[in-house]
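K.L.:
My structure is below; once you've seen it, I'll send some questions.
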Amino acid sequence: MPDLATEFIGSIFNDYDPREYAPGADFLTRQEDRKKVSPAAIPAVGRPLTEATKELVDVLEHDSNLRHPRFFGFIPGPAQSVSWLGDVIATAYNPHASNWAQSPGASALEKQVLDWACEAVGISNPNRGGILVSGGSMANLTGLMAARESRISLDDIPRARVYTTEQTHSSVNKALRIIGVRPRILPVDEHFRMQPELLRSAIESDIADGLLPLAVVGTCGTTNTGAIDPLDAIADICEEFNLWFHVDGAYGGSVVLSSHRDNAHGVERCDSMAWDGHKWLYQTYGLAMLLVKDRADLVRAFSAGGEYLQDVEGGSHNPDWWDMGPELTRPARAPRLWLTLQTVGTERLTQMIDSSIAVAELFEKEIAAVDGISIVTPACNAIVTFTTGSEKRNVQLAEYLRRHNIAGIWTTTLNDKNVLRLCTISPDETPEDMEALVKDIRKALEIIPTQS
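Residue numbers for the sequence shown, in numbering that gives the first Met the number 0: 0 to 451.
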């Protein structure tokens, strides 16, 4: 078993080349392909570890290769090997990372990376803090639950409203359903951003109708276009009406580490912020941060005070993690991010994020010169949307690129129209990749028939 583990770790950490695997494998449709991802039945008697391990690897290798420099779909997860190594080490030690008494090492690592993240965002309150969670969905839920518990009583929930937009991520609406609060969904401007004047009008209208404005969710990097809401103006309105200001920066929060930080001006004024590590911080799934201006808001929302926990409470200076989020049992998520920060360094992180933004801008310039292609939304936080002018042809082009292992590209919907979308947050993408991709798209368009 030690030899097997050493061989596998070496193959992934030292020898793995993401370019060797298809970038955007489609869902397997043929019967013979489906068999490849149908694992063996659970046996009554165990079989050799080498045999089972080989099958496990064979099954997982059919998943989309999110680390490939030509995987541009959704928000890619270009996890770096050092993050994977940190995750392996943490899993091997298997700490119960819920309190300081049981896991002081894991707790210290978590506190350090959260302090670093708060500093990067610009949250200056001495009582700032946060918690590591599984992803943006849980981060948004945790932040909005803290908002509810800090600002209103249970009796007020039916009247409460949280203000979002048409471009707010679906996980926010899911979180609001869970905490029982209704959203007020506002239209966006021509750049797909929240409109402060409409926000103010909606708040005033709801107050006049006897409703109770609770919070505003601003987005730092929408999934569709990369747009950043006018966060500073939103913060002004939240202060005026005493509303909780939550920022969903699941993917786009990393812009605060880049030379484009000014695009997120106002994010530092948030009461809470979701920021995924497993997106633009190059971490393995699932690692996200929920940052708060005042960690007492998390304790107020989640402390359960079980009697059997009384001997291991961390104290007010370092509240235990089980008192700051929905999980009691939780894994140590910090080691992978800590190891990445220690070995990559923040200067290199800035360069990686800046490079992603630059290659998206280059792609926009190059693809706009292709006959029949027009830009729908310009490069913004490493996302570009474009169209062939035909919704059917957009789908055909994306399918062609995936089927022929050229690139993992999918479509999205903007203003009720199907458009092509590219997200370039992999640090391995180069200007040469963008130029080659545009050539491949030009060739594909010569093959795919023109659609009306």
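Backbone N, C-alpha and C fix where the C-beta goes; we use that ideal spot for every residue, glycine too.
1. Could you pull out every residue in the same chain whose Cβ sits closer than 8 Å to the Cβ of D155, ignoring the five residues on either side in sequence?
2. Whole beta strand (DSSP E) runs in the stretch 100 to 153 with 3 or more residues, listed along the chain?
3. Going by CA-CA distance only, name the one from A435, T387, G134 that's closest to I374.
4. Return helix, strand or coil for I374, following the three-state DSSP convention.
5. Name the DSSP bridge partner or partners of K416?
6. CA-CA distance, A357 and L327?
7. Please return the same chain residues whose Cβ sits closer than 7 Å to the Cβ of M144, not counting the five positions on each side in sequence.
8. Could you have a look at V369 and say whether DSSP puts it in helix, strand or coil?
9. Name the two residues that bound the continuous alpha helix (DSSP H) containing D57.
10. Let me confirm a value: F191 is counted as buried when at least 16 other C-beta atoms fall within 10 Å, else exposed. Which label applies?
11. By Cβ distance, which residues of its chain are closer than 8 Å to S102, with the 5 residues on each side in sequence left out?
12. Give me the Cα-Cα distance between E445 and L65, rounded to the nearest whole angstrom.
13. Using 8 Å as the cut-off, can you tell me whether the stretch 284 to 304 makes contact with the stretch 135 to 144, which would need three or more C-beta pairs spanning the two stretches below that distance?
14. Quick one: is E239 buried, meaning 16 or more other Cβ sit within 10 Å of its Cβ, or exposed?
15. Could you pull the start and end residues of the alpha helix (DSSP H) that M433 belongs to?
16. Taking the DSSP output, what are the residues bridged to Y162?
17. Is DSSP giving T339 helix, strand or coil here?
18. At which residues does the beta strand (DSSP E) containing M287 begin and terminate?
19. Starting from V383, follow its DSSP beta bridges and name the residues at the other end.
20. Counting pairs of Cβ atoms below 8 Å between the stretch 243 to 259 and the stretch 344 to 351, do you hit three or more?
21. Give the DSSP-derived three-state secondary structure of L27 in the structure shown.
22. Does the stretch 192 to 205 touch the stretch 220 to 237, meaning 3 or more C-beta pairs lie closer than 8 Å?
23. Could you pull out every residue in the same chain whose Cβ sits closer than 6 Å to the Cβ of S106, ignoring the five residues on either side in sequence?
24. If I measure Cβ to Cβ from D228 and keep anything under 6 Å in the same chain, skipping five residues before and after, which residues do I get?
25. By DSSP's criteria, S271 is part of a beta bridge. Which residues make up the other side?
26. To which residues does DSSP link I227 through a beta bridge?
27. Reducing DSSP to helix, strand and coil, say where M351 ends up.
28. Could you give the first and the last residue of the continuous alpha helix (DSSP H) run that contains T90?
29. Between the stretch 423 to 430 and the stretch 390 to 404, can you find at least three pairs of beta-carbon atoms closer than 8 Å?
30. Let me know if H403 comes out buried or exposed under the rule of 16 or more other beta-carbons within 10 Å of its beta-carbon.
31. Out of F70, T90, D2, point me to the one whose CA is closest to T52's CA.
32. For L452, tell me which candidate among R69, S37, F71 has the shortest Cα-Cα distance.
33. What would DSSP say about D2, mapped onto helix, strand or coil?
34. Can you tell me which of the three DSSP states F191 falls into?
35. Sort out for me which residues DSSP pairs G407 with in a bridge.
P.N.:
According to the data block:
1. Exclusion of the five residues before and after D155 leaves L211 as the residues of its chain whose Cβ lies within less than 8 Å of its Cβ.
2. If we require 3 residues or more, the beta strand (DSSP E) runs fully inside the stretch 100 to 153 come out as 128 to 132.
3. Measuring from the Cα of I374, the nearest candidate turns out to be T387.
4. DSSP places I374 in strand when its eight states are reduced to three.
5. Its beta-bridge partners are L413.
6. Using only the alpha carbons, I get a separation of about 42 Å.
7. Closer than 7 Å at the Cβ level, and outside the excluded window around M144, lie I178, A300.
8. Three-state DSSP puts V369 in coil, outside helix and strand.
9. Start and end: 48 to 59.
10. Flag for F191 reads buried.
11. Answer for S102: P94, H95, A96, A331, listed in chain order.
12. Those two C-alpha atoms are separated by around 28 Å.
13. Counting Cβ pairs under 8 Å, three or more are found: they touch.
14. Result: exposed.
15. From DSSP, the alpha helix (DSSP H) with M433 extends over 430 to 446.
16. DSSP links Y162 through a beta bridge to R183, V215.
17. It is helical.
18. A quick correction: the sequence has Ala, not Met, at residue 287. In the DSSP assignment, A287 falls within the beta strand (DSSP E) that extends over 287 to 291.
19. Paired residue(s): L421.
20. Result yes; three or more Cβ-Cβ pairs closer than 8 Å.
21. Low confidence applies to L27: its pLDDT is 40, below 50, so where it sits in the model is not reliable, and the reading given next is rough at best. Coil at L27, not helix or strand.
22. Yes: at least three Cβ pairs fall under 8 Å.
23. The residues are W99.
24. Apart from the 5 residues on each side of it in sequence, D228 sits with its Cβ closer than 6 Å to the Cβ of R192, M193, G217, T218 in its chain, given in chain order.
25. H245, V291, per the DSSP bridge assignment.
26. Paired residues: C219.
27. In this structure, M351 counts as helix in the three-state DSSP scheme.
28. Its alpha helix (DSSP H) spans residues 80 to 92.
29. With the cut-off at 8 Å, the stretch 390 to 404 and the stretch 423 to 430 do not touch.
30. Counting every other CB atom within 10 Å of its CB across the protein chains shown gives H403 a total below 16, marking it as exposed.
31. Nearest to T52 by alpha-carbon distance, out of F70, T90, D2, is D2.
32. No answer is possible for residue 452: it lies beyond the span of the chain, which begins at 0 and ends at 451.
33. Taken through DSSP and simplified to helix, strand or coil, D2 comes out as helix.
34. Reduced to three states, the DSSP call for F191 is coil.
35. Partner(s): F70.
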